[in-house]
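Structure first, then comments.
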Amino acid sequence: MRTSLACLMKPVLHGYFRSSCSWRVRIAFALKNIEYDQIPVNLVKDGGQQLTDQFKALNPMKQVPAVTIDGITLSQSLAIIQYIDETRPGPRLLPADPKRRAQVRMISDLIASGIQPLQNLYVIQKIEAEKVQWAQHFINRGFEALEPILKQTAGKYCVGDEISMADICLVPQVYNAQRFKVDINQFPTIKQLNQALMELEAFKVSHPSCQPDTPDDLRT
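The number in the numbering used here is simply the position in the sequence shown, starting from 1, with 1 added.
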């Protein structure tokens, strides 16, 4: 009975409006038409609410997102997205074809492991004065690898003509690149894919500019 009740409850996303990892999960929820609640975790207020004992009990890594769903708590955005894909109806976020599924995972991991962690808030706070140059270097380095891969895999979207986890990872990373003044024109495939994806409702409603914890001066 306890499991059944847990499955009836809406998922709860503990996240931050401008966290790219939180945005990935919001996109996945939107694509799957899943209703969920949000509990904001401000990464800068009071020294960082993710560092509190209360949040550490939820996610010992002290990072967002954390999602409570079906009676369990999951962290790490790709694990959350894959769980959602495996347990909820709606469009597949990983292709049925093994080769395409491997390509989706490759692109997702390249972004989630090879680019984003090197310019996330925790790392940038350690860099201090050189943070913009640092972020630009690692985003450019990652995009220089990603661009030729996407030239081979892309159709309408990152892998073929169906939305996938790769697209979910791409858009927040392009947003980060733009925040750090990376010249996206250097990467025409990435730029074109991002423009196509940002026309879709799931990417619009999940955007950092319109979340419950978005500051008024950043709302559009």
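Ideal Cβ placement from N, Cα and C applies to all residues, glycine included.
Worksheet entry | Segments assigned beta strand (DSSP E), at least 3 residues, entirely inside the stretch 46-121 | For the stretch 46-121, whole beta strand (DSSP E) runs of length 3 or above, ordered along the chain, are 67-70, 73-76.
Discussion item. Using only the alpha-carbon positions, how far apart do residue 17 and residue 98 sit?
Written reply: Taking the first residue of the sequence shown as 1, we reach residue 17 at position 16. Taking the first residue of the sequence shown as 1, we reach residue 98 at position 97. When rounded, the distance between both Cα atoms is 34 Å.
Discussion item. I'd like the span of the alpha helix (DSSP H) that includes residue 194, first residue to last.
Written reply: The sequence position of residue 194 within the sequence shown is 193, counting from 1. Annotation: the continuous alpha helix (DSSP H) that includes residue 194 extends over 189-198.
Discussion item. Here's a check: name, in chain order, each residue in its chain whose Cβ is nearer than 6 Å to the Cβ of residue 139, leaving out the five neighbours to either side.
Written reply: Translated into the one-based positions of the sequence shown, residue 139 becomes position 138. Only 119, 120 meet the Cβ criterion.
Fill in: Which residues DSSP lists as bridging residue 42, in chain order
Residue 42 sits at position 41 when you count from the first residue of the sequence shown. Partner(s): none; residue 42 has no beta bridge.
Practice prompt. Going by CA-CA distance only, name the one from 151, 124, 49 that's closest to residue 41.
Written response: For the purposes of this step, residue 41 is identified with residue 40 of the sequence shown, where counting begins at 1. When each option's Cα is compared against that of residue 41, the closest is 49.
Worksheet item: Just checking my contact of residue 89 with residue 169 at CB under 8 Å: how many whole Å lie between their CB atoms?
Response: Taking the sequence shown and counting its residues from 1, one reaches residue 89 at position 88. Taking the sequence shown and counting its residues from 1, one reaches residue 169 at position 168. Actually they are not in contact, since the Cβ atoms of residue 89 and residue 169 sit about 14 Å apart, beyond 8 Å.
Fill in: Endpoints, alpha helix (DSSP H) assigned at residue 138
By 1-based counting over the sequence shown, the position of residue 138 is 137. Its alpha helix (DSSP H) spans residues 132-154.
Worksheet item: Are the beta-carbon atoms of residue 148 and residue 188 separated by less than 7 Å?
Response: The residue given as residue 148 occupies position 147 in the sequence shown. The residue given as residue 188 occupies position 187 in the sequence shown. Yes; because the gap between Cβ atoms is below 7 Å, this pair is in contact.
Item to complete: Compare the Cα-Cα distances from residue 210 to each of 15, 13, 21 and report the closest residue.
Response: In the sequence shown, the residue the question calls residue 210 occupies position 209. The shortest C-alpha separation from residue 210 is found at 21.
Fill in: Touch test, the stretch 104-119 against the stretch 154-164, Cβ-Cβ under 8 Å, three pairs minimum
At 8 Å Cβ cutoff, the stretches touch.
Discussion item. Whole angstroms are fine: how far does the CA of residue 136 sit from the CA of residue 128?
Written reply: Here residue 128 corresponds to residue number 127 of the sequence shown, with the count starting at 1. Here residue 136 corresponds to residue number 135 of the sequence shown, with the count starting at 1. Distance between the alpha carbons of residue 128 and residue 136: 10 Å.
Item to complete: Give a yes or no on whether the C-beta atoms belonging to residue 94 and residue 102 are separated by under 7 Å.
Response: One-based indexing of the sequence shown puts residue 94 at position 93. One-based indexing of the sequence shown puts residue 102 at position 101. In this structure, residue 102 does not lie closer than 7 Å to residue 94 by Cβ.
Worksheet item: In chain order, what residues of the same chain have a beta carbon less than 7 Å from the beta carbon of residue 185, not counting five sequence neighbours either side?
Response: Walking along the sequence shown from the start, residue 185 turns up at place 184. 175, 178, 179, 191, 192.
Worksheet item: CB-CB under 8 Å to residue 182, same chain, minus the five flanking residues each way: which ones, in chain order?
Response: The residue given as residue 182 occupies position 181 in the sequence shown. For residue 182, where only same-chain residues beyond five positions count, the Cβ hits under 8 Å are 133, 137.
Worksheet item: So what does DSSP say about residue 14, is it helix, strand or coil?
Response: Locating residue 14 in the sequence shown gives position 13, counting from the first residue. Look at residue 14 here: in three-state DSSP terms it is strand.
Worksheet item: Between residue 19 and residue 215, what straight-line distance do the alpha-carbon atoms span, to the nearest angstrom?
Response: Position 18 of the sequence shown holds residue 19. Position 214 of the sequence shown holds residue 215. The alpha-carbon atoms of residue 19 and residue 215 are separated by roughly 8 Å.
Practice prompt. Mark residue 104 as exposed unless 16 or more other C-beta atoms lie within 10 angstroms of its C-beta, in which case mark it buried.
Written response: As a working mapping, residue 104 is identified with position 103 in the sequence shown. With 16 or more other Cβ atoms within 10 Å, it is buried.
Worksheet item: Beta-carbon separation of residue 68 and residue 14 under 7 Å?
Response: Numbered from 1 along the sequence shown, position 67 holds the residue referred to as residue 68. Numbered from 1 along the sequence shown, position 13 holds the residue referred to as residue 14. For residue 68 and residue 14, yes; Cβs fall inside 7 Å.
Worksheet item: Which residue comes first and which comes last in the alpha helix (DSSP H) that contains residue 179?
Response: Here the question's residue 179 lines up with position 178 in the sequence shown. Residues 166-180.
Discussion item. Is the separation between the beta-carbon of residue 70 and that of residue 29 shorter than 7 Å?
Written reply: For the purposes of this step, residue 70 is taken as the residue at position 69 of the sequence shown. For the purposes of this step, residue 29 is taken as the residue at position 28 of the sequence shown. Contact annotation: residue 70 and residue 29 have beta-carbon atoms that are not nearer than 7 Å.
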